[in-house]
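Presented below is the structure to which this report refers.
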Amino acid sequence: GHHRFGLTGVPPAELAEPLDLRGDISGNPTADWHTTSGKLYVRLDYADVAAWRDWLPLPMPIRSGKGALRFWFQFSSGEARELVADVVLTDVQTKLAPELPDLALSRLEGRIGWRDDGDRKEVLAQQLSLEIPNGTHFDPTDFKLAVRAVDGATTGGALEFNILELAPLRPIAEALPIPAQWREDFSRLVPRGTIQQAKFEWTGDPTSPRTFKGSARLIDFGMAGHERLPGVSGISGSVEATERAGTLQLDSHAITLELPRNLGDRLSLDTVQGQIRWERGTEGTTLEIDRLAFANADAAGSVSGQYRSASEGPGSVALTAQLSRADARQIYRYFPAANAPSVREWLRTSLLAGTATDVRMKMSGNLAEFPYADGKGGQFQVALKAQGVGIDYATRWPPLADIDGDLRIDGVRMVIDARRGRVAGIDIEHVKADIADLRGPHALLRVEGSTTAPTQQVLRFTAESPVAEWIGHFTDGADASGNGTLSLAMEFPLGQPERNQVSGDYVFSGNRLQLAGGVPALKDLNGKLLFSTHEVHAAPLTAEILGGPVRLTVSSADGRVRIDGQGTANLAQLRTEYSQEPLLTRLSGSTDWQVAINLQKDSVTWMLDSNLKGAAVDLPVPVAKAAADVMPLRLERRTTDKDRDALTVSYGHLAKLTLQRRLTSRGSVVDRALLALGKAAGNADRPGLWVRGDVPAVDLDGWLALKKQLDSGAADALPLAGVDVTVGALEVFGRQLNDLRIGATRGGDDWQLDLRGRELAGSARWQAPAAGQPNGRIVARLQRLITPATAPASLTAAPATSSAAPVANPWPAVDIVADTFRLKDHELGKLELAAQPNQSDWRIESLKLSSEDGRLEAEGWWRGGGRNPVTELNTDLDVRDARQYLARFGMPDAVSGAPTRIRGHLAWAGNPTEFDYPTLSGELHLQTGSGQFTKLDPGLGKLLGVLSLQSLKRRLTFDFQDLFGEGFAFDEITGDVRLQDGIMKSDNLRIIGPSARVAIAGETDIAHETQRLKVRVQPTLSGTVSVGAAALLLANPILGAAVGAGSLLAQTVLKDPIEQIFAYEYAVAGRWSDPTVERIARTAATDAGSAGTIK
1219 GHHRFGLTGV PPAELAEPLD LRGDISGNPT ADWHTTSGKL YVRLDYADVA AWRDWLPLPM
1279 PIRSGKGALR FWFQFSSGEA RELVADVVLT DVQTKLAPEL PDLALSRLEG RIGWRDDGDR
1339 KEVLAQQLSL EIPNGTHFDP TDFKLAVRAV DGATTGGALE FNILELAPLR PIAEALPIPA
1399 QWREDFSRLV PRGTIQQAKF EWTGDPTSPR TFKGSARLID FGMAGHERLP GVSGISGSVE
1459 ATERAGTLQL DSHAITLELP RNLGDRLSLD TVQGQIRWER GTEGTTLEID RLAFANADAA
1519 GSVSGQYRSA SEGPGSVALT AQLSRADARQ IYRYFPAANA PSVREWLRTS LLAGTATDVR
1579 MKMSGNLAEF PYADGKGGQF QVALKAQGVG IDYATRWPPL ADIDGDLRID GVRMVIDARR
1639 GRVAGIDIEH VKADIADLRG PHALLRVEGS TTAPTQQVLR FTAESPVAEW IGHFTDGADA
1699 SGNGTLSLAM EFPLGQPERN QVSGDYVFSG NRLQLAGGVP ALKDLNGKLL FSTHEVHAAP
1759 LTAEILGGPV RLTVSSADGR VRIDGQGTAN LAQLRTEYSQ EPLLTRLSGS TDWQVAINLQ
1819 KDSVTWMLDS NLKGAAVDLP VPVAKAAADV MPLRLERRTT DKDRDALTVS YGHLAKLTLQ
1879 RRLTSRGSVV DRALLALGKA AGNADRPGLW VRGDVPAVDL DGWLALKKQL DSGAADALPL
1939 AGVDVTVGAL EVFGRQLNDL RIGATRGGDD WQLDLRGREL AGSARWQAPA AGQPNGRIVA
1999 RLQRLITPAT APASLTAAPA TSSAAPVANP WPAVDIVADT FRLKDHELGK LELAAQPNQS
2059 DWRIESLKLS SEDGRLEAEG WWRGGGRNPV TELNTDLDVR DARQYLARFG MPDAVSGAPT
2119 RIRGHLAWAG NPTEFDYPTL SGELHLQTGS GQFTKLDPGL GKLLGVLSLQ SLKRRLTFDF
2179 QDLFGEGFAF DEITGDVRLQ DGIMKSDNLR IIGPSARVAI AGETDIAHET QRLKVRVQPT
2239 LSGTVSVGAA ALLLANPILG AAVGAGSLLA QTVLKDPIEQ IFAYEYAVAG RWSDPTVERI
2299 ARTAATDAGS AGTIK
C-alpha cells in the first residue's frame, strides 16, 4: 500500500518541543519492514537528542545534545539510503567511529547529509559550523566526500570543499574519521592556514592512492618542519597536482621558512612570487623552480633551477640566483650553518654595515658532496659587489669601514678583495681577506694589506689595536706628521681569538713624531719598525731630536720590548722648541745622551743618562755648571703598581728628586715627592714635596726668583710639605748665611721654621699671602742675629737687567725680634723690626736697637722698586754713655761721658743695612752733654777727630796743653747738620768746654774723608786763670787782685772782651788723616766771626 501521513504532537517538555512528523511510505511496514520504501520528514524545534536518539534517523551517532532538528530521510527495502538534516545543537557528545574517541562540541549548526548508493557512499555538509569547548570556532563551510568501495574495500573517491581552516582542526583531529596516517601527519606537521576551493580525486586506497588529481588555493598555509621537510608558514598561492606532476603557483606575503639544519635561523620573506613544478619519474622526483622572485628587508632577488631526488642520498641540484640588493649585516642569515658554523657566526658579529649589489650564486652537483671542495662533486659559487661595508673582523682590532669591493665564494674558499675603504681613519686602497676552507668549527681568516697613510692616522690605528700592547703603549698620545707605509698580514682562527697571529711593519719616511709625556719631538724619522704577535724590532731608526741626530734600536724578548737610543742634544734648539719653559732659557751647548726603555704588560720603565759634558747650566747654585764640567744626569721611570709609577732624577752627587705619581686616563699626577740633597737618602712616602739633605751652597735668591717664573705656569704643582736641610753657604736677600740648618714644617698655607746657623738662631713663622699682606709675613723670634755678609759673586747669580719702571714688590711683611743683634763685628743690642710692603716700597714701621748704653729708634721707607732703590729713615738716637755706645762700633776710646741725643732724617741709595756715603742725605740735630774727646783711631773716628781738634792741636805753635791736656773736655756740643750726597755741612756747630769754646762751620766729605772747615777757638778765661795771669798774681798780689777783679768785671759787663781778644780762627782742609791747618789773620770780619761768634 501507499501511505501518506502528517502528525503533530506535544511530547513531555523535558524531551522536546512540539513534534512535526510527515511521511510518504510504500509497502506494508507493519508486515515486513524490509519491503518498505519511502520518505520521512521530522521537525523538532527543541529536543533532547539523548532521549530521542533511538527514534531519530540521525546522520551521526549523537549521544547527547540539545537543540532544533529537521530531517529528510529516504529509505528503500527497509534500509536507509539518504539523510539530510538541519541541526542547531549545543553541548553535543558524539562518536564518529567505534574506534575513535568521543568528540565534544559546544555548538553544531548547519546541514549534514549522507547517501548510500551501494558501492558509492557520500557525505556532505552545507554551511556547517561548529565550536569546541576551548572556544575555537569553525566558520561555515561546504564539503562533499564520495567514496567508492567493492566488497568493503575502498577503490576510489573524491573530496571537495570551499574552505577549511586547518589550525582549529588540531584539537579534534584524533576524533575525526580520517585515515590514521593522516591523523599522524596532522599531529606531526601541525598544519595551519586556510585551504580554499579544494578538489581531490583518487583511485585506490586513500592513504596510498594509485592515481590522484587535485587542486586548491592556499592562504597563509604553514606546517612544522620534519626530517627533510622545512618548516614553513605564510604560503599563499594555488596548487595543482597528480600522482606524476604538479604545479605550485606562489603569490605569498610574509612567508617564513625554518631550515635549522641549513641556515640555523628562521628565514622571513616579505614577498615570494613564482612557480614551482615537480614531476615524478622512475628515477625520482624532479623539482623545477621557474624564476622564483623574493624580497624582504634584507635582500631582493630571484632563484631558478632544478632539484632531482635520488634513490639514495639527498639528490642533486642545479640552481642559479641573483640579488639586486642585499644588506651586508644580514648575509649570515643565508649562509649554510651546517657546513661553516664559525664563518656564519663571524659574519653575524663582524658585518656592521654595507649593501651588496649584483649578487650571483650558482650551485650544481650532488648535495651529498656540498660544498664541493676543490670542485669535487659539483660547483658552488657566489660573487657579489659590496659598497659601504663595515667589518669588525677581529676582537680588539679597529673595524674596517666604507669598504667597496668584491666577495667571492668558490666551493669552500671565500675571498674578499677590498678596492678601497677606511680603518681607524686611514684610507686603504687594497686589502685582501680569505678563508681557505669554510668548513670546520674554527675556519682560518687571513687578512693582508698595505697602504701609504699619514703617520698620525697609523698611530691611531696602533692605539686602537693590540699592537699598542705589544709595543708597550709607547706611542699612545703621540702626535705625528708625514706619511709612511703600513703593511699587515693577519691570521684569525674564527672563534679562537687567543690564537690570533699578526705580523707587519711600518716604514717611516721623513716623519715628525712627538711622543707623549713631554718627550722632545723626533724629526726626520726614517726606518722600518717590524712587529708581530709576540715581538717587535727595528735596527735602526734614525731621526733628529733636540737639534741633534739619534739612532734607535727596538727589540723584544719574553714578552718585553726594549728600545735603546743614543743621540746628541742641541740645547739651543731645545729652548726654541720649548720656549714656554723658562728653565730651558738657562741651558746652552750640546751633550750626548743614552736612553733605555723597557716595556711589558702593565709596566713601563726607562732610564736616560748623560754626563752633560758640553752643556752649560745657568741655574742658581748648586745646580749651575760650566760647559766643560762633567755632571752625571740620570732620569729613571719605573712602574710601582698598575696605576702608579715613580720618576727619579739624579744630578751627580748633588741632588736626587723622586716623584711618586698616580696614573689616570688624563695623564699623571704627582702626589708625593722627595728632593734629597747631597748624601741624603730616603723614599717619597709622604704626601707633598719634602726636601732634606746637606749641601755646600745654595743660592736661595736665585731659586726664589726662578720659582716665581715657574709658578706662573704651575697652578697644579705639588705643594712643598717640609724641609730639613743643612747648607754650608746660603744666599738669601743678597746676603750669605753660613752653616745653616733649616727645619720647616707646613701647617695649611703657613710654615713653622727652626733656624740654626752661624749668623742666626731661633724660630720663625711664615704666614702665607692673604688680604692685607699680599706678599706674606715673616714673624721671627731669634736668640741672635748677625748681619750676614754680602754674598760673593761666585755664589750670586748674575742679576737681571734693571728697569727704570717700578716692579712688583717681592718683600713680605716682617715682625722680627733678635735678642742679640750684631752688625759686622759690632754687637748693637736688641733688634726689633716691623715692616710691610706698600705698593712698590717697603714701609719700615718701627726699627729699634736698644742696649744699656743707648737706644736707636727709626721709621721710614725702603723704596725698592725701579732702578734706584732708596732708604729713608726718621731717626732718634738717645745715648746714655757715648764711650760705651761708640765702643759697640769699634771706637772704644773716642769719647768719654757725653750723653747724646741725635734726631733727624736720613736717606741713601741702597738697602737699609748698608750706608751708601756718596748718596747719604738728610738733616740732623745734635745735642750732647759733658764729656771728653780722647785719642781716636782711623776710620769713622777721624770724623770725631775734627770735633776733638786733634789736628789743630798738633799744628799750632802755641802751647795749648793747659787747654786740651790729653783730650778736649766739653760741657756740651750742639748744632745742626745738613747732608747732601755724602757732604755734611753745618754753620752752627758749637763745642763748649771748660777750657775753650769752639765754633765750627763748613763741610766735610764723608765718602772721601776730606774737609773744608773754619774753626774758631776761644779760650775760656772766666772763672779760671790763664798761665800769664797766674804769673802776674804771684809777682804782685795787689796788682793781680786788681787785674783779676777787672777781668771778672770786664768778662761780665763787656761780654768776654778779653776772651774775644785771645780767640783764634783756623782754616782746616785736606784729608782727615793729614789735614792742613792755617791760621786766619784777625780782621773785623773775623771778629764778626765767619765761623760764628761764640757766646
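The sequence shown begins at 1219 in my numbering and counts up one residue at a time.
Note that beta-carbon positions come from the ideal geometry of N, C-alpha and C, so glycine has one too.
- For proline 1559, the enclosing alpha helix (DSSP H) has its first and last residue at 1559 to 1568.
- Exclusion of the five residues before and after glutamate 2077 leaves Ile2062, Glu2063, Ser2064, Leu2065, Leu2091 and Asn2092 as the residues of its chain whose Cβ lies within less than 8 Å of its Cβ.
- At a Cβ-Cβ threshold of 7 Å, tyrosine 2284 and valine 2295 count as neighbours.
- In this structure, aspartate 1545 sits near aspartate 1516, with a CB-CB distance shorter than 7 Å.
- Tyrosine 2135 carries a helical assignment under DSSP once its states are collapsed to helix, strand and coil.
- DSSP, read as helix, strand or coil, puts leucine 1323 in strand.
- Judged by beta-carbon spacing, arginine 1879 lies beyond the 7 Å limit of aspartate 1861, meaning their Cβ atoms are not closer than that value.
- Residue environment for proline 1559: buried (at least 16 other C-beta atoms within 10 angstroms of its C-beta).
- In this structure, leucine 1907 places its C-beta atom within 7 Å of the C-beta atom of leucine 1936.
- In this structure, leucine 1570 lies near aspartate 1610, with their beta-carbon atoms less than 7 Å apart.
- Nearest to asparagine 1584 by alpha-carbon distance, out of Ala1707, Glu1317 and Ala1528, is Ala1528.
- Rounded to whole angstroms, tryptophan 1290 and valine 1368 show a C-alpha spacing of 27 Å.
- The DSSP-derived three-state label of tryptophan 1332 is strand.
- Taking C-beta separations shorter than 6 Å and ignoring five residues to either side along the sequence, the partners of arginine 1261 in its chain run Asp1238 and Arg1288, following chain order.
- Of all C-beta pairs linking the segment 1646 to 1656 to the segment 1592 to 1601, fewer than three are shorter than 8 Å, placing the two stretches out of contact.
- Judged by their CB atoms, isoleucine 2004 and arginine 2040 are nearer to each other than the 7 Å cut-off.
- In the DSSP assignment, the residues bridged to glutamine 1605 are Thr1573.
- Look at proline 1914 here: in three-state DSSP terms it is strand.
- Beta-bridge partners assigned by DSSP to histidine 2044: Leu2041.
- With contacts defined as CB atoms closer than 7 Å, alanine 2127 and aspartate 2134 qualify as a contacting pair.
- Taking C-beta separations shorter than 6 Å and ignoring five residues to either side along the sequence, the partners of arginine 1240 in its chain run Gly1224 and Tyr1259, following chain order.
- Counting every other CB atom within 10 Å of its CB across the protein chains shown gives tryptophan 1273 a total below 16, marking it as exposed.
- Check the Cα spacing between threonine 1500 and each of Thr1474, Arg1462, Ser1470 and Leu1475: the tightest is with Arg1462.
- Using a 10 angstroms sphere on the CB of glutamine 1812, the tally of other CB atoms stays under 16, which defines it as exposed.
- Serine 2114 is bridged by DSSP to Gln2150.
- Taking 3 residues as the shortest admissible run, the segment 2046 to 2100 contains the following complete beta strand (DSSP E) segments, listed from N- to C-terminal end: 2059 to 2068, 2072 to 2081 and 2088 to 2097.
- In terms of CA proximity to isoleucine 1413, Thr1359 leads the group Gly1422, Ile1390 and Thr1359.
- For the segment 1684 to 1730, the full-length beta strand (DSSP E) segments reaching 3 residues or more read 1697 to 1699 and 1701 to 1711 along the chain.
- Taking all protein chains shown into account, glycine 1629 has 16 or more neighbouring C-beta atoms within 10 Å of its C-beta and is therefore buried.
- In the three-state reduction of the DSSP assignment, serine 1295 falls in the coil class.
- Here proline 1389 carries a helix assignment [DSSP, helix/strand/coil].
- In the pairwise beta carbon analysis, the segment 1367 to 1382 is classified as not touching the segment 1346 to 1353: fewer than three pairs are separated by under 8 Å.
- The way I'd put it, the segment 1451 to 1471 does touch the segment 1430 to 1440; three or more beta-carbon pairs between them come closer than 8 Å.
- Each residue's CA atom was taken as its position, placing histidine 1871 and aspartate 1903 some 22 Å apart.
- Around the Cβ of serine 1454, a 10 Å sphere holds 16 or more other Cβ atoms; the residue is buried.
- Of all alpha-carbon atoms in Ala1761, Val1909 and Arg2106, the one lying nearest the alpha-carbon of arginine 2073 is that of Arg2106.
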